[in-house]
Amino acid sequence: MKWQVRDSNGVVRYYDPESVRLVMLNAKLHNRPNVAKKICEGANKTVCAWVECEWVGVVSDMETKVPFGKNAILYNPRKSPHWTNKRGENLDGMQFGSIVSNQKYLFTNH
372 MKWQVRDSNG
382 VVRYYDPESV
392 RLVMLNAKLH
402 NRPNVAKKIC
412 EGANKTVCAW
422 VECEWVGVVS
432 DMETKVPFGK
442 NAILYNPRKS
452 PHWTNKRGEN
462 LDGMQFGSIV
472 SNQKYLFTNH
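Counting from 372, one number per residue, gives the positions in the sequence shown under this note's numbering.
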């Protein structure tokens with residue numbers, strides 16, 4: 372797995388979640404629920420969810436430890452066709468002041 376980051380000019384970069392943290396500000400969770408529902412029912416996986424943000428920073432884990440928050444944001448279309456929290460609440464369309472990655476997981480303090 373790699374994190375895909377697409378900037379406002381359409382330039383795409385890929386990052387190894389084991390070696391960087393992504394810091395996303397004013398971040399909104401997007402999802403294509405019809406596609407995610409098909410994946411949940413057994414269809415092949417394809418990209419159907421993303422985080423849109425005003426700013427993203429890429430921090431090397433080697434440089435510094437960025438605090439990543441206490442509330443997990445989860446996405447696995449095999450289990451649920453929505454972004455969720457640990458309680459299973461649907462977070463599709465939710466906006467957060469900040470989201471930080473820690474390995475292959477996303478966290479927020481909100």
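Beta carbons: idealized from backbone N, C-alpha and C, even for Gly.
Sub-8 Å separation of residue i and residue j beta-carbons
i      : j      : result
VAL429 : TYR386 : yes
VAL427 : LEU400 : no
CYS424 : ASN402 : no
Continuous alpha helix (DSSP H) stretch holding residue i: start and end
i      : result
ASN405 : 404-411
When the options are compared against residue i, the one with the closest alpha-carbon
i      : options                        : result
VAL422 : ARG377, SER390, HIS481, ALA398 : ALA398
SER472 : ASN380, LEU396, GLY381         : LEU396
LYS441 : ASN415, CYS419, SER469         : SER469
PRO388 : MET372, VAL406, TYR446, GLU460 : MET372
GLY361 : VAL406, SER451, MET465         : Coverage of the chain is limited to positions 372 through 481, which leaves residue 361 absent and any answer about it impossible.
LYS366 : HIS453, VAL376, VAL382, THR479 : Any property of residue 366 remains undetermined from this structure, which presents the chain solely from 372 to 481.
ALA480 : GLU412, SER379, ALA443, MET465 : In the sequence on display, residue 480 carries Asn and not Ala. For ASN480, the nearest C-alpha among the options comes from ALA443.
LYS475 : LEU462, ASN461, GLY464, ASN447 : ASN447
Terminal residues of the beta strand (DSSP E) in which residue i lies
i      : result
TRP426 : 420-431
ASN442 : 442-444
THR479 : 476-479
ASN473 : 466-473
ARG377 : 374-377
Local conformation of residue i per DSSP, three classes
i      : result
ALA398 : strand
LEU393 : strand
TRP454 : coil
VAL382 : coil
ASN415 : coil
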